[in-house]
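Numbering (the working numbering), first residue to last: 4 to 281. Just below is one structure, and these are the notes that go with it.
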């Protein structure tokens, strides 16, 4: 298999950094990006091409950056939209700028290249919060629900061009996502919610560094899926995959609950059509 060229956003830490490291270890090329390019010095020394890319920049700036990225190896085969972080309810707009509109701008900048070549893979790093809404997590869950709807629609629009789409839904993995640097929640100022909001924030803080998910294993599986090797050898890449035992349980339980609700209320749901005219 010829080496693939990957472009990964958000490589300063967490999943993004591990993606870059593992891509290199498999003999592929990686263009690692971050808002502060100096955080990527070690990746550059390891053989990665590094670039500054802030997904909240305007479309023209991002498109120019993508064009420069494509000139490095003459093409890009795989885009990993990974940049993002957790924000509280008071930062809704900033959350959507980073986690949704930023992803859209990067994807939009690269899609013409994929369409022209009739090949390419879009990988969207979502979350189980994009499938199941958690309390006091409306801002983050909202961005991930929006991301998944956008990605699924894009999949239906582009699959006939030979473009593949993968939505990754990690459970709790031991990255820096819940660290104080990335977790920007604010306590609720509504008295009825204050104690539960405080308890939830403490829960997240206590989980940081103790999550069950191994990010090295999670990233390795995503690379297997894209490359069609390892655990994915001989299997068609799915549109979605949950990662982590907790991720699997959350998705399965919601699917089971949703199917039961559908069946319990089928007669009501189907009663709203016009009466059949003979």
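Here a beta-carbon is modelled for each residue, glycine too, at the ideal position from N, C-alpha and C.
Going by CA-CA distance only, name the one from the options that's closest to residue i.
{"i": "residue 95", "options": "145, 66, 129 and 73", "result": "145"}
{"i": "residue 57", "options": "14, 204 and 129", "result": "14"}
{"i": "residue 218", "options": "10, 6 and 19", "result": "19"}
{"i": "residue 214", "options": "250, 226 and 85", "result": "250"}
{"i": "residue 136", "options": "149, 110 and 248", "result": "149"}
{"i": "residue 80", "options": "59, 173, 204 and 124", "result": "124"}
{"i": "residue 199", "options": "139, 12, 147 and 122", "result": "139"}
{"i": "residue 222", "options": "173, 55, 65 and 76", "result": "173"}
{"i": "residue 178", "options": "207, 269 and 203", "result": "207"}
{"i": "residue 46", "options": "71, 16, 60 and 66", "result": "16"}
{"i": "residue 6", "options": "276, 230, 196 and 70", "result": "230"}
{"i": "residue 48", "options": "24, 197 and 55", "result": "24"}
{"i": "residue 65", "options": "106, 44, 87 and 28", "result": "106"}
{"i": "residue 53", "options": "59, 60 and 44", "result": "44"}
{"i": "residue 241", "options": "71, 155 and 147", "result": "155"}
{"i": "residue 4", "options": "210, 204, 194 and 232", "result": "232"}
Considering just the uninterrupted stretch of the alpha helix (DSSP H) at residue i, what are its terminal residues?
{"i": "residue 23", "result": "17-28"}
{"i": "residue 4", "result": "Per DSSP, residue 4 belongs to no alpha helix (DSSP H) and is neither H nor E."}
{"i": "residue 224", "result": "218-230"}
{"i": "residue 135", "result": "Neither: residue 135 is in no alpha helix (DSSP H) and is coded neither H nor E."}
{"i": "residue 37", "result": "No alpha helix (DSSP H) contains residue 37, which is instead part of the beta strand (DSSP E) from 32-37."}
{"i": "residue 256", "result": "248-267"}
{"i": "residue 152", "result": "141-161"}
{"i": "residue 42", "result": "No alpha helix (DSSP H) contains residue 42, which DSSP labels as neither H nor E."}
{"i": "residue 99", "result": "95-99"}
{"i": "residue 117", "result": "105-120"}
Would residue i be called buried (16 or more neighbouring beta carbons within 10 Å of its own) or exposed?
{"i": "residue 62", "result": "exposed"}
{"i": "residue 21", "result": "buried"}
{"i": "residue 110", "result": "buried"}
{"i": "residue 151", "result": "buried"}
{"i": "residue 9", "result": "buried"}
{"i": "residue 237", "result": "exposed"}
{"i": "residue 248", "result": "exposed"}
{"i": "residue 246", "result": "buried"}
{"i": "residue 169", "result": "buried"}
{"i": "residue 114", "result": "buried"}
{"i": "residue 171", "result": "buried"}
{"i": "residue 220", "result": "exposed"}
{"i": "residue 147", "result": "buried"}
{"i": "residue 108", "result": "buried"}
{"i": "residue 86", "result": "buried"}
Between which two residues does the beta strand (DSSP E) carrying residue i extend?
{"i": "residue 1", "result": "Here the chain comprises residues numbered 4 to 281, so residue 1 is not present and cannot be evaluated."}
{"i": "residue 73", "result": "Element bounds for residue 73: not the beta strand (DSSP E) but the alpha helix (DSSP H), 62-76."}
{"i": "residue 236", "result": "It is not in any beta strand (DSSP E) - residue 236 carries neither H nor E in the DSSP assignment."}
{"i": "residue 52", "result": "52-55"}
{"i": "residue 169", "result": "166-173"}
{"i": "residue 178", "result": "Premise fails: residue 178 is in no beta strand (DSSP E) and is neither H nor E."}
{"i": "residue 286", "result": "Summary: the structure shown does not reach residue 286, with the chain confined to residues 4 through 281, and so no result is reported for it."}
{"i": "residue 123", "result": "123-128"}
Under the assumption that residue i contacts residue j (Cβ atoms under 8 angstroms), give the Cβ distance between them as a whole number of angstroms.
{"i": "residue 73", "j": "residue 116", "result": "6 angstroms"}
{"i": "residue 33", "j": "residue 51", "result": "5 angstroms"}
{"i": "residue 82", "j": "residue 126", "result": "7 angstroms"}
{"i": "residue 176", "j": "residue 254", "result": "Actually they do not touch by this definition, with Cβ atoms about 15 angstroms apart."}
{"i": "residue 84", "j": "residue 128", "result": "6 angstroms"}
{"i": "residue 120", "j": "residue 78", "result": "7 angstroms"}
{"i": "residue 36", "j": "residue 11", "result": "7 angstroms"}
{"i": "residue 234", "j": "residue 244", "result": "10 angstroms between Cβ atoms; not a contact."}
{"i": "residue 142", "j": "residue 98", "result": "5 angstroms"}
{"i": "residue 226", "j": "residue 26", "result": "7 angstroms"}
{"i": "residue 75", "j": "residue 112", "result": "The pair is not a contact, with the Cβ atoms about 15 angstroms apart (cut-off 8 angstroms)."}
Checklist entry - Are at least three pairs of beta-carbons, each pair with one atom in the stretch 97-104 and one in the stretch 156-170, less than 8 angstroms apart? => result no
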